[in-house]
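Undergrad: The opening position of the sequence shown corresponds to residue 51 in our numbering, with each subsequent residue numbered one higher.
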Amino acid sequence: MKYVLPVLAASLGVLPSQAGTSRGGNDREGQHPNVLFLMVDDMNGYGVMERYPDIITPNLQRLRSQSVNFANNCCASPVSTPSRTSFLSGLYPHHTGGYLNGCDAWSNNPQMADPSKVETLPECFKKNGYETWGRGKTFHSPLPQERLEAMYDNRPLYQGGFGPFYEGEYQGGTKFFAIRPWDDSKDDEHPDNKNTEAAIEFFSQQHDKPFLMCLGLWKPHCPYTSPKRFFDLYKDKKLPLPKGFKPGDLDDVPDMGRNMVDSLARFKYDGTPESETLWRQFLEAYCANNSFADWNIGRVLDALDSSPYADNTIVVFCSDNGYHCGEKLRWEKGTMWEQSAYCPMMIRLPKSMREQGKFRPNKGATCEVPVGLIDIYPTLVDLCGLTPPVQKLDGESMRSLLMNPKMKSDRINLTTYSENLSSVRDVRYRLITYPDGTQELYDFKKDPYEWKNLIGDDKYKEVVARLEKRIPTTWAKSLGGRFEVAKQQRESAKKSLKK
51 MKYVLPVLAA SLGVLPSQAG TSRGGNDREG QHPNVLFLMV DDMNGYGVME
101 RYPDIITPNL QRLRSQSVNF ANNCCASPVS TPSRTSFLSG LYPHHTGGYL
151 NGCDAWSNNP QMADPSKVET LPECFKKNGY ETWGRGKTFH SPLPQERLEA
201 MYDNRPLYQG GFGPFYEGEY QGGTKFFAIR PWDDSKDDEH PDNKNTEAAI
251 EFFSQQHDKP FLMCLGLWKP HCPYTSPKRF FDLYKDKKLP LPKGFKPGDL
301 DDVPDMGRNM VDSLARFKYD GTPESETLWR QFLEAYCANN SFADWNIGRV
351 LDALDSSPYA DNTIVVFCSD NGYHCGEKLR WEKGTMWEQS AYCPMMIRLP
401 KSMREQGKFR PNKGATCEVP VGLIDIYPTL VDLCGLTPPV QKLDGESMRS
451 LLMNPKMKSD RINLTTYSEN LSSVRDVRYR LITYPDGTQE LYDFKKDPYE
501 WKNLIGDDKY KEVVARLEKR IPTTWAKSLG GRFEVAKQQR ESAKKSLKK
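Spelled out as structure tokens, the structure:
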């Protein structure tokens, strides 16, 4: 029997206790809802949190109006590979050693490589009788093909890639930093479009079991080669520099913090209006890629909402990390500040769950409580009534926050980026601690752009002591990888700061 909504089941003469009997026992409609897990790459708060008013993302705003938006969400690591490894395993980097891009924790950590010791999120759902579907950029790390084959039911297991790439002059020095509006007639050259079309087709099919759909969009990650129509949205605008940009912003930042920044060296920025030209081109390209991702998100949501699964499907949306567009003199990610650590996350609960009386109406609610991507796995285990995975999950279910987004909590979020390098944030303060013991402290109530480092001010000693208690006390040995700012970029940054 098709996994259908309560009303549709009743119209077919099926009692709630019979719905989904393939899952056995006392299964009831809505107790094992479907899940659509939408992941994007390198998206900051410009659209979802309206931190850059000129960006155009109507579908994300629509989803926000239907969801709980977690305004203080963060990633476990400020780059793709370790972040995705973390939220798809439910384990923090300081427990696995997967801190950096290139770490490949799924192969280099024996525990992670063994499905009997660590179950991925899709493996846990499949163990619980779900149909599992995956396309696009999900794990990023090259999991063994046999494990992927066992993890997902759909075929082919197409991922695609970062392209299409422009083979020509690159504004930013490499093909990854090319800005090139793509011919609108060549939409089929974009992996995100292919994967979105496959997701749309999935919703038109009959499914006999509840499903987990993991759709990973590669955008807005560079190269900035979205279709031309998305660049055209911005062609008549002179986009402003980000509000969070401040010359001299790193004057009170420790050396180890400065080493994570290239001081906009990619743009040869020297403080003159003339040197802002390339920077503004990159801003336009980043916005265009966000709008492209937004369009595909809208298409998937439209397909779901017009399908028989609309009222019994949880929607989870997130980015894997944030992104600097000039804030803290940085382009890209890989820092411990808000612009890298924060990433959008929204959860839309289906009608079937709200009708059970377990959840208060929460459409368009904003939750200020600090949470992390690490909390997605335990939340879905909780909401879907799953037998938990074999490993103990590091995160905490967000069920109570979905029930009451305005509740108070002492939860914090944690971001790490190597051994003894951490960022701990509560609802008001962020404490960054570097391996050499130097620190930064910011008060978001007074300083939302993290311009003033409060370390050394005696008024905040108790705040520092309280947040220090939340820093990990044991750290797994790093599995290696690379930092995002190369040595030559760091040297260039140091020179620019001395001018």
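Glycine included, each C-beta is placed from N, C-alpha and C at the ideal position.
By a C-beta neighbour count over all protein chains shown, 10 Å radius and 16 as the cutoff for buried, is residue 389 buried or exposed?
TA: Its Cβ being crowded by 16 or more others within 10 Å, residue 389 is buried.
Undergrad: Strictly by DSSP, which residues pair up with residue 123?
TA: Paired residue(s): 421.
Undergrad: Where DSSP assigns a beta bridge to residue 374, which residues make up the other side?
TA: DSSP, once it has assigned bridges, lists 382 as partnering residue 374.
Undergrad: Does residue 277 come out as helix, strand or coil in the three-state DSSP assignment?
TA: Strand.
Undergrad: Based on the DSSP output, what are the partners of residue 453 in its beta bridges?
TA: The partner list for residue 453 (beta bridge, DSSP) is empty, contrary to what the question assumes.
Undergrad: Please report the residue range of the beta strand (DSSP E) in which residue 181 lies.
TA: Residue 181 -> beta strand (DSSP E) spans 181-186.
Undergrad: What's the gap between the Cα of residue 345 and the Cα of residue 92?
TA: Rounded to the nearest angstrom, the two C-alpha atoms are 16 Å apart.
Undergrad: With DSSP collapsed to three states, give me the class of residue 79.
TA: Only weak support is given to the placement of residue 79: the predicted model assigns it a pLDDT of 48, under 50, and the value that follows is read from those uncertain coordinates. Reduced to three states, the DSSP call for residue 79 is coil.
Undergrad: Under a three-way DSSP split, which group does residue 88 fall into?
TA: Residue 88: strand per DSSP, three-state reduction.
Undergrad: Going straight from the alpha carbon of residue 125 to that of residue 285, what length do you get?
TA: Cα to Cα, residue 125 sits roughly 32 Å from residue 285.
Undergrad: What three-state label does DSSP hand residue 328 in the structure shown?
TA: If DSSP states are grouped into helix, strand and coil, residue 328 belongs with the helices.
Undergrad: What are the boundary residues of the beta strand (DSSP E) that residue 264 is part of?
TA: Residue 264 -> beta strand (DSSP E) spans 261-266.
Undergrad: Counting pairs of beta carbons, one from the stretch 375-395 and one from the stretch 115-133, are three or more of them closer than 8 Å?
TA: Judged by Cβ distances under 8 Å, the stretch 375-395 makes contact with the stretch 115-133, as three or more pairs qualify.
Undergrad: Ordered along the chain, which non-local residues of its own chain (more than five positions away) have a Cβ less than 8 Å from that of residue 534?
TA: Answer for residue 534: 129, 151, 310, 382, 383, 384, listed in chain order.
Undergrad: Can the beta-carbon of residue 175 be found less than 9 Å from the beta-carbon of residue 182?
TA: The answer is yes: Cβ separation under 9 Å.
Undergrad: Starting from residue 479, trace the beta strand (DSSP E) in both directions and tell me its first and last residue.
TA: Taken as a continuous stretch (DSSP letters only), the beta strand (DSSP E) holding residue 479 covers 479-483.
Undergrad: Alpha carbon to alpha carbon, how far is residue 76 from residue 400?
TA: Below a pLDDT of 50, predicted positions are generally treated as unreliable, and residue 76, at 29, falls in that range; no measurement from the model is reported.
Undergrad: Which two residues bound the contiguous alpha helix (DSSP H) that contains residue 224?
TA: Run containing residue 224: none; DSSP gives neither H nor E here.
Undergrad: Please classify residue 510: does DSSP put it in a helix, a strand, or coil?
TA: Residue 510 falls in the helix class under three-state DSSP.
Undergrad: By how many angstroms is the C-alpha of residue 343 removed from the C-alpha of residue 245?
TA: Spanning the two alpha carbons is a distance of roughly 12 Å.
Undergrad: Using the C-alpha atoms, what's the distance from residue 179 back to residue 359?
TA: Straight-line Cα distance between these residues: approximately 17 Å.
Undergrad: Kindly indicate which three-state DSSP category residue 204 falls into: helix, strand or coil?
TA: Note: residue 204 maps to coil in three-state DSSP.
Undergrad: In three-state DSSP terms, what is residue 431?
TA: If DSSP states are grouped into helix, strand and coil, residue 431 belongs with the helices.
Undergrad: Using only the alpha-carbon positions, how far apart do residue 362 and residue 265 sit?
TA: About 18 Å.
Undergrad: Rounding to the nearest angstrom, what Cα-Cα distance links residue 379 and residue 273 in this structure?
TA: Taking the straight line from one Cα to the other gives about 21 Å.
Undergrad: Taking a contact to mean a Cβ-Cβ separation below 9 Å, would you say residue 171 touches residue 140 in this structure?
TA: Yes, they are a contact pair.
Undergrad: Which residues does DSSP list as the beta-bridge partners of residue 499?
TA: Looking at the DSSP assignment, residue 499 forms no beta bridge with any residue, so it has no partner.
Undergrad: Please state the DSSP three-state secondary structure of residue 72.
TA: Note on residue 72: pLDDT 33, under 50, position unreliable in the model; the coordinate value appears next. Residue 72: helix per DSSP, three-state reduction.
Undergrad: Excluding the 5 residues flanking residue 349 on each side, which residues of the same chain have their C-beta closer than 7 Å to its C-beta?
TA: Correct list, in chain order: 246, 250.
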